[in-house]
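Q: Below: one structure in structure tokens.
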Amino acid sequence: MEIIIKPNAAEAQQEVARILRRQIQRQPDSVLGLATGSTPIPVYAALVKMHQQGELDFSRVITFNLDEYVGLAADHPCSYRGFMQQHLFGKVNLTPKNIHFPDGLAKDVPAHCAEYEAAIGGAGGIDLQLLGIGRDGHIGFNEPSSSLASRTRIKTLTPQTVKDNAKCFGSPDQVPRHVITMGVGTIMDSRHCLLLATGEAKADVIARMAEGAITADVPASALQMHPSCTVVVDEAAAAKLKRHEYYRWVYENKPPWQRV
Ligand code: GLP
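For the sequence shown, the numbering used here begins at 8 and goes up steadily by one.
Here is the structure:
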């Protein structure tokens, strides 16, 4: 696991945007796994800007989002599909048929989840999976106790996640209890994982994820077993990492060919 510590959130977000830009420029038909949450919003804004400046062409890019609320239509203002439309899809030249999302209104959820997995496989697998992290260690919506080998399926949110995600809904009572999410195993199959975390509220979980035991109690800790995972954090989110200085040293001494 490579841990990149940036002085502030803006620089961490820029670093992640640069990594995504390099991926798309090197491989214009990249299959990207995308995440929602407040953390990646500035990353999407940076990608939109790069697109407007003519640096990024999304026409051949294929996307798969991590998760969606069960019971919300794509055009619901709090759906993750709506979020992506607002922050990225509506502002770049992605080809609509290349955009994939779990369907919150699927009639047969297990069959839909199996189709989603098959579609990822059919696209050749995910080249780069962007991730955020929940305060309880979830990635996608794989809450604590999720199998580290899990595939796309329905999950029940924890009361804490319901509360954390209530902003758009007005109150926690309005937040759906169920979601469809790629599994930890699905995420682990991506060729590269790129996790962004900013702010002091993420400091505890970043330390547990990167330096604690690999356990279903912190689903993101499975990323320690990923052969190619980059974690980009700001100083606030890095505050509780015990090998803080070493990560910085590694980054400063990176061979030029490894740099973005
Ligand atoms: C949700 C999403 C996750 C995201 C997490 C953190 O639960 N399903 O993919 O990482 O929120 O959100 P935020 O970035 O707002 O802290």
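Just so it is clear, CB atoms sit at the ideal spot from N, CA and C, and this is done for glycine as well.
How about residue 153 and residue 116: are their beta carbons less than 9 Å apart?
A: For the purposes of this step, residue 153 is identified with residue 146 of the sequence shown, where counting begins at 1. For the purposes of this step, residue 116 is identified with residue 109 of the sequence shown, where counting begins at 1. Cβ atoms of residue 153 and residue 116: not closer than 9 Å.
Q: Sorry if obvious, but does the Cβ on residue 152 come closer than 8 Å to a heavy atom of ligand 1?
A: Within the sequence shown, numbered from 1, the residue matching residue 152 stands at position 145. It does not: the Cβ of residue 152 is nowhere closer than 8 Å to a heavy atom of ligand 1.
Q: Does the contact criterion of 3 or more C-beta pairs under 8 Å hold for the stretch 138–145 versus the stretch 37–49?
A: yes
Q: When you compare the CB positions of residue 135 and residue 201, do they come within less than 9 Å of one another, or not?
A: Here the question's residue 135 lines up with position 128 in the sequence shown. Here the question's residue 201 lines up with position 194 in the sequence shown. Yes, the pair counts as a contact, with Cβ atoms nearer than the cut-off.
Q: Spell out a yes or no on whether the stretch 120–130 and the stretch 86–94 are touching, meaning 3 or more CB-CB pairs, one atom from each, closer than 8 Å.
A: In short, these stretches do not touch, since the Cβ pair count stays below three.
Q: Can you find the residues in the same chain that come closer than 8 Å, C-beta to C-beta, to residue 176, ignoring five residues on each side of it along the sequence?
A: Stepping through the sequence shown from its first residue, residue 176 is reached at position 169. Correct list, in chain order: 85, 182.
Q: Just list the alpha helix (DSSP H) runs in the stretch 16–53, keeping only unbroken ones of 4 residues or longer that don't cross its boundaries, in chain order.
A: 16–33
Q: If you check the beta carbons only, do residue 210 and residue 243 fall under 9 Å apart?
A: Working through the sequence shown from its first residue, we reach residue 210 at position 203. Working through the sequence shown from its first residue, we reach residue 243 at position 236. In this structure, residue 243 lies closer than 9 Å to residue 210 by Cβ.
Q: Are there any heavy atoms of ligand 1 lying less than 8 Å away from the beta-carbon of residue 170, as far as the coordinates show?
A: Within the sequence shown, residue 170 is the residue found at index 163, counting from 1. No.
Q: Are there 16 or more other CB atoms within 10 angstroms of the CB of residue 253, so buried, or fewer, so exposed?
A: Taking the first residue of the sequence shown as position 1, residue 253 is located at position 246. So residue 253 counts as exposed.
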